[in-house]
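Protein chains: 2
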Amino acid sequence: MKTKILIDMDGVLADVYKPLIMEEYTKNNKIINESDLNGIAEYDAFPNLRKIVTSNNFFRNAPIMDGSIEGLKYLNEKYDVLIVSSATEFPNCINDKQNWLEEHFPFISWEQMIFCGKKESVCGDIMIDDHPKNLVYFKGKKIIFTQPHNYNINNSEYIRVFSWKEIQNIL
Amino acid sequence: MKTKILIDMDGVLADVYKPLIMEEYTKNNKIINESDLNGIAEYDAFPNLRKIVTSNNFFRNAPIMDGSIEGLKYLNEKYDVLIVSSATEFPNCINDKQNWLEEHFPFISWEQMIFCGKKESVCGDIMIDDHPKNLVYFKGKKIIFTQPHNYNINNSEYIRVFSWKEIQNIL
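Those sequence lines, one after another, are chains F and V. Count along the first sequence from 1, then add 4; that gives the number in the numbering used here. Count along the second sequence from 1, then add 4; that gives the number in the numbering used here.
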């Protein structure tokens with residue numbers, strides 16, 4: 005039986021910082037770099053986050069994280085891959101998320117998708133996630149995908165990666 | 005820690021046979037009873053099943069299974085309840101399913117919802133489901149909710165129930 009890997013969507017496959025920065029700052033003529041937000045929680049960095057992500061097909065149009073298509077294809081051949089997204093928090097967004105996955109990662113079947121609230125009841129061997137709140141409950145190997153909000157998290161239980169290239173190197 | 009129960013939607017909380025019978029038979033002037041379909045697989049009973057469930061807001065308007073509101077409220081107070089639905093098989097239906105849950109079972113929070121493909125990676129202590137394909141992998145207590153398609157299934161591992169009243173009696 006193949007090793008089972010649970011892979012998060014937002015902040016791992018989908019780059020949500022780019023469109024959030026665009027909506028929260030650039031549209032208001034503020035120039036900021038992603039690194040300006042290092043160590044700042046998402047809701048503090050983006051006070052209008054909830055409003056932004058629940059409008060204008062945010063999840064349907066999210067940019068793809070660099071290297072994630074090639075990286076996920078690699079993992080999908082070697083491991084039993086599940087895509088696990090905390091998606092029920094935002095109303096009416098799951099159809100968009102599923103359509104986005106089907107468009108950009110067509111080698112992932114509907115059987116491999118899990119859209120949930122809390123992730124603690126989803127079991128596997130390895131978890132790749134940008135949120136400590138998901139990693140903390142997990143009983144297997146924990147890989148934290150670097151995003152500005154988790155930049156300063158220092159937990160010896162987590163293997164920190166900065167890119168999909170790194171994921172391919174370590175797995 | 006409370007015992008964790010995984011509860012299916014279609015065929016346990018949502019009565020899908022009534023609207024399927026309406027669309028497949030009654031609209032074509034055929035009168036059938038649900039019991040006429042005992043022992044017949046869903047796709048054999050309803051050759052147009054895929055077309056029916058992916059149109060006309062099927063999941064948004066599904067009738068509520070008798071006794072399920074009171075029954076789920078009871079379970080939700082006593083146990084750690086998760087609603088687990090194999091929903092990714094049919095495109096663009098999950099928003100409808102989530103909205104349906106929120107309308108009819110408002111005491112279930114977004115954190116308790118899981119919309120997935122295969123259920124085998126979702127862990128818990130008890131599973132209530134009408135489909136043997138979900139129960140077969142499960143490692144905990146297995147309760148099969150009677151629906152016509154599973155009527156003749158005879159598996160000593162399953163506790164068979166015929167109603168939500170029975171569920172409240174045994175749990």
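No residue lacks a Cβ here, since even glycine has one placed at the ideal position from N, Cα and C.
7 Å Cβ cut-off: residues of chain V touching residue i
i      : result
F:K122 : E115
F:V126 : S125, V126
F:L86  : S125
F:T30  : Under the 7 Å cutoff, chain V gives no residues; its nearest Cβ is about 29 Å from F:T30.
F:F63  : What F:F63 touches in chain V: nothing, since even the nearest Cβ is about 12 Å away.
Residue i to residue j span [Cα, whole Å]
i      : j      : result
V:Y155 : V:Q116 : 29 Å
V:N173 : F:I118 : 32 Å
F:L76  : F:M26  : 26 Å
V:Y78  : V:F149 : 17 Å
V:L53  : F:D129 : 36 Å
F:N37  : V:D70  : 55 Å
F:K34  : F:P136 : 29 Å
V:F94  : V:D48  : 18 Å
V:E170 : V:S72  : 11 Å
F:N32  : F:N65  : 20 Å
V:C97  : V:E124 : 21 Å
Which residues DSSP lists as bridging residue i, in chain order
i      : result
F:F149 : F:V165
V:K8   : V:D84
F:A119 : It is worth fixing the name first, because residue 119 of chain F is Phe in this sequence and not Ala. F:F119 is bridged to F:S89, V:F119.
V:I68  : V:A18
F:V126 : V:V126
For residue i, three-class secondary structure by DSSP
i      : result
F:A18  : strand
V:D134 : coil
V:N61  : coil
V:N154 : helix
V:M13  : coil
V:A49  : helix
F:I73  : helix
F:K34  : coil
F:Y1   : Nothing about residue 1 of chain F can be read from this structure; chain F reaches only from 5 to 175.
V:K143 : coil
F:N99  : helix
V:S39  : helix
Within chain F, the residues that residue i reaches when beta carbons sit closer than 9 Å
i     : result
V:I11 : What V:I11 touches in chain F: nothing, since even the nearest Cβ is about 12 Å away.
Contact test: residue i Cβ vs the ligand SAH heavy atom, cutoff 7 Å
i     : result
V:I98 : In the structure on display, the ligand SAH does not appear, and there are no ligands present to speak of.
Closer than 7 Å at the beta carbon, the chain F residues around residue i
i     : result
V:N99 : N96, I98, N99
Chain V contact residues for residue i, given Cβ-Cβ distances below 8 Å
i      : result
F:F111 : Here the premise fails: no neighbours, minimum Cβ distance about 14 Å.
F:K209 : This structure cannot settle anything about residue 209 of chain F, because the visible part of chain F is limited to 5 through 175.
F:F142 : Ordered by position in chain V, no residue passes the 8 Å Cβ test against F:F142, which lies about 12 Å from the chain.
Listed by chain order, chain V residues near residue i by CB distance under 9 Å
i     : result
F:E93 : W114, E115
Task: Three CB pairs or more closer than 8 Å across the stretch 99-110 of chain V and the stretch 122-137 of chain V - done: no
Open item on the list: Measuring CB atoms only, is the stretch 42-53 of chain V touching the stretch 78-93 of chain F, in the sense that at least three cross pairs come out at less than 8 Å?
Closed with: no
Open item on the list: Tell me whether the stretch 86-98 of chain V and the stretch 6-23 of chain V touch, counting them as touching only if at least three CB pairs, one residue from each stretch, are closer than 8 Å.
Closed with: yes
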